[in-house]
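Numbered according to the numbering used here, the sequence shown spans residues 12 to 81.
Heads up: the structure comes next, in structure tokens.
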Amino acid sequence: VYFFFTPMVMWFFLAMQQAGTDDQVQISLLPKVSEYLSLIMTLIFSFGLVFQLPVVTSLMTRVGMLSSEA
12 VYFFFTPMVM WFFLAMQQAG TDDQVQISLL PKVSEYLSLI MTLIFSFGLV
62 FQLPVVTSLM TRVGMLSSEA
């Protein structure tokens, strides 16, 4: 997550910047360490949760809490 998705997320937010002209408002990124760490921890937690879902569903199927019939 950190080495693959973090650069993509940062490039996305950096691409949202725009230089201000006479008829446009300047939008610039003002990063803070606390916001960066919060974003990274949210990404790591959410990707960890998503990658654990197949394990949890297979364990629940073996125990009998879930079945493959719809």
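Idealized CB from N, CA, C, for every residue including glycine.
In the DSSP annotation of this structure, the continuous segment of the alpha helix (DSSP H) that includes Ile51 starts and ends at Val44 to Val74.
In this structure Leu40 is not in contact with Leu50, their Cβ atoms being roughly 12 Å apart against a cut-off of 8 Å.
For the pair of segments examined, the segment 12 to 21 was found to touch the segment 45 to 63: the number of CB pairs separated by less than 8 Å reaches three.
In the DSSP assignment, the residues bridged to Gln29 are Ile38. Excluding the 5 residues flanking it on each side, Gln63 has no same chain C-beta neighbour closer than 7 Å.
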